[in-house]
Amino acid sequence: MDKASQGLTKKDFKVLMSHDPTHWDLQVKERDLNYHLTLSGHTHGMQFGVEIPGFIKLSPAWFVYKKWAGIYKEYGRFLNVNRGFGFLGYKGRAGIWPEITVITLKKG
């Protein structure tokens, strides 16, 4: 990250792509350089769970990844964890739909 961030300032708007969402907790969210948005995936929601939007979102992924799907905000910075479109191991999904995220950035 240090090499990729050379020349950036705290004031620059930054989007970071990081495969594993645990990277955000360990090395990104408190970093002085202030990465505003991190896009992640990796978890696939473990391809199993129950989700009723606005009511409940559960998956065994939570036991491994505290941030396993959706948008999280800490320190004024955002992490979006996408559940992905494919699969890993088991060739299917139960209750965890494939996801393609569309994010619109607007200058504030």
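The sequence shown maps to residues 280 to 387 in this note's numbering.
Ideal Cβ positions, reconstructed from N, Cα and C, are used throughout, including at glycine.
These numbers come from a predicted model, not from an experiment.
Item: Reduced DSSP category for V343 - H, G, I as helix; E, B as strand; rest coil; Value: coil
Item: Which listed residue (T317, V294, K386, V381) has its alpha carbon closest to that of D304; Value: T317
Item: Rounded separation between K370 and H321 - CA only; Value: 16 Å
Item: Beta-carbon separation (whole angstroms), K346 vs L358, contact threshold 8 Å; Value: 6 Å
Item: Assigned secondary structure, L367 (DSSP; H/G/I helix, E/B strand, else coil); Value: coil
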